[in-house]
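**Student:** I am attaching a structure below and will ask some questions about it afterwards.
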Amino acid sequence: MHTRKDQRDLTAAERRRFVAAVLELKRAGRYDRFVRTHIDYYKADGATGLRAAHMAPSFLPWHRQYLLEFERELREVDPAVTVPYWDWTRDRSPVGPPWGEDFMGGNGRRGDLQVTTGPFAYAAGNWTVSVGVTEDRFLTRDLGRPKDPLDLPTREELAWATGEAVYDTEPWNSTSRGGLRNRLEGWGQGRGSARWRNHNRVHRWVGGHMLGGASVNDPVFWLHHAFVDLVWSRWQRRNPGAPYLPAAQPPAGSAQRGRVVARDEPMPPWDVTPAQLEDHSGLYRYG
Ligand code: CU
Ligand code: CU
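Heads up: the sequence shown begins at 21 in our numbering, then just goes up one per residue.
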């Protein structure tokens with residue numbers, strides 16, 4: 021049982037050890053396997069077949085398991101390390117934490133958006149993007165998207181998601197109007213920036229590699245998803261009678277039949293079900 025901490029509360033030594041463990045996984049080729057898995061499971065509503073990771077009910081348990089796998093490998097390198105979380109309703113500036121020189125490093129530079137500071141700067145020699153959907157070899161960011169600014173999600177916007185009393189609703193995709201899952205994943209209605217809410221909006225705000233399937237190339241991905249997981253965890257505690265949905269496959273004739281994971285079905289690429297991941301109290305806690 022270990023504790024995941026708010027990144028703003030880490031000591032300098034904890035930051036250093038987290039970064040060192042991430043860099044060791046990268047050096048050993050293990051980090052890029054996580055990038056590949058995420059790209060492979062980056063499927064949208066329109067895709068045929070099963071959607072396990074995104075635009076689907078299992079968005080939350082899929083990323084819970086994905087974080088656990090990553091954290092397990094980090095802890096093989098250094099047993100004291102856990103994945104910190106970034107509360108983006110609180111740390112909202114492109115210059116404060118988690119963007120310090122000794123942690124995530126800063127924004128991308130003008131022009132090519134290349135991150136040039138911190139441990140993941142290309143020139144530092146330890147972070148070459150080798151599995152991606154573009155040709156960029158260097159990590160990119162565009163914090164706050166100055167050309168067309170948008171803000172990080174607010175506390176109120178997060179409450180718009182966590183105020184929902186059910187886990188997910190039909191049609192179990194990015195157009196579900198109610199339910200925690202789609203409001204937290206953040207597929208909103210409307211045009212422009214209004215379309216991006218909560219989790220999705222954070223990916224837009226960071227920009228660069230965080231925009232697409234290869235977003236895992238930016239290590240802030242893990243801090244972001246640890247916070248999403250924490251939000252789900254708190255919601256579960258406040259809604260003890262609200263299980264993962266759907267409980268079973270949608271009925272014959274439904275467009276979503278066979279395309280979403282029901283509560284007791286395995287989530288590829290793992291042999292674990294959403295039901296088995298609902299209670300994480302035996303594995304880790306949030307501090
Ligand atoms: Cu994802
Ligand atoms: Cu994400």
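Cβ atoms here follow ideal geometry from the backbone N, Cα and C, with glycine treated the same way.
Can you check DSSP and say which residues form a bridge with residue 137?
**Tutor:** Walking along the sequence shown from the start, residue 137 turns up at place 117. Answer is none; residue 137 lacks a bridge partner.
**Student:** Within the present structure, is the beta-carbon of residue 214 separated from the nearest heavy atom of ligand 1 by less than 7 Å?
**Tutor:** Taking the sequence shown and counting its residues from 1, one reaches residue 214 at position 194. Flag unset: Cβ of residue 214 not near ligand 1.
**Student:** If you draw a straight line from the alpha carbon of residue 129 to that of residue 79, how long is it in whole angstroms?
**Tutor:** Within the sequence shown, the letter at position 109 stands for residue 129. Within the sequence shown, the letter at position 59 stands for residue 79. Looking at the two C-alpha atoms, the distance is approximately 32 Å.
**Student:** Whether or not the stretch 195 to 203 and the stretch 61 to 80 are in contact is what I'm after, with contact meaning three or more pairs of Cβ atoms, one per stretch, closer than 8 Å; do they touch?
**Tutor:** The stretch 61 to 80 is in contact with the stretch 195 to 203.
**Student:** Using the Cα positions of residue 167 and residue 57, report the straight-line distance between them to the nearest angstrom.
**Tutor:** If you number the sequence shown from 1, residue 167 lands on position 147. If you number the sequence shown from 1, residue 57 lands on position 37. Each residue's Cα considered, the two are about 32 Å apart.
**Student:** Along the beta strand (DSSP E) that carries residue 22, what are the first and last residues, could you check?
**Tutor:** For the purposes of this step, residue 22 is identified with residue 2 of the sequence shown, where counting begins at 1. First-last of the beta strand (DSSP E) with residue 22: 22 to 24.
**Student:** What residues match up with residue 304 in a beta bridge as DSSP calls it?
**Tutor:** For the purposes of this step, residue 304 is taken as the residue at position 284 of the sequence shown. Beta-bridge pairing links residue 304 to 22.
**Student:** For ligand 2, is there any heavy atom lying closer than 7 Å to the beta carbon of residue 235?
**Tutor:** As a first step, residue 235 is located in the sequence shown; it is residue number 215 there, counting from the start. Yes, Cβ of residue 235 sits closer than 7 Å to a heavy atom of ligand 2.
**Student:** So, residue 160 versus residue 210, is the Cβ gap smaller than 8 Å?
**Tutor:** As a position in the sequence shown, residue 160 is number 140, starting the count at 1. As a position in the sequence shown, residue 210 is number 190, starting the count at 1. For residue 160 and residue 210, no; Cβs fall outside 8 Å.
**Student:** How close, in whole Å, do the beta carbons of residue 220 and residue 206 come, if the pair is a contact with beta carbons under 8 Å?
**Tutor:** Along the sequence shown, one-based indexing puts residue 220 at 200. Along the sequence shown, one-based indexing puts residue 206 at 186. Yes, they are in contact, since the Cβ atoms of residue 220 and residue 206 sit about 3 Å apart, within 8 Å.
**Student:** Could you tell me which uninterrupted beta strand (DSSP E) segments, each at least 3 residues in length, are contained entirely in the stretch 138 to 171, listed from first to last along the chain?
**Tutor:** With a minimum length of 3 residues, no continuous beta strand (DSSP E) run stays inside the stretch 138 to 171.
**Student:** To the nearest whole angstrom, what separates the beta carbons of residue 81 and residue 266, a pair I think is in contact under 8 Å?
**Tutor:** On the sequence shown, residue 81 is found 61 positions in, with the first residue counted as 1. On the sequence shown, residue 266 is found 246 positions in, with the first residue counted as 1. Contact doesn't hold; Cβ gap of about 13 Å is too wide.
**Student:** Are the CB atoms of residue 108 and residue 170 nearer to each other than 8 Å?
**Tutor:** In the sequence shown, the residue the question calls residue 108 occupies position 88. In the sequence shown, the residue the question calls residue 170 occupies position 150. No; because the gap between Cβ atoms is not below 8 Å, this pair is not in contact.
**Student:** How is residue 252 classed by DSSP in three states: helix, strand or coil?
**Tutor:** Sequence index remark: in the sequence shown, residue 252 carries index 232 (1-based). Of the three classes helix, strand and coil, the one that applies to residue 252 here is helix, per DSSP.
**Student:** List, from N- to C-terminal side, the alpha helix (DSSP H) runs of 4 residues or more that fit wholly inside the stretch 208 to 285.
**Tutor:** Correct list: 218 to 226, 240 to 258.
**Student:** Okay, do the stretch 57 to 68 and the stretch 106 to 125 touch, 3+ Cβ pairs below 8 Å being the bar?
**Tutor:** No: the two stretches stay apart, fewer than three of their Cβ pairs being nearer than 8 Å.
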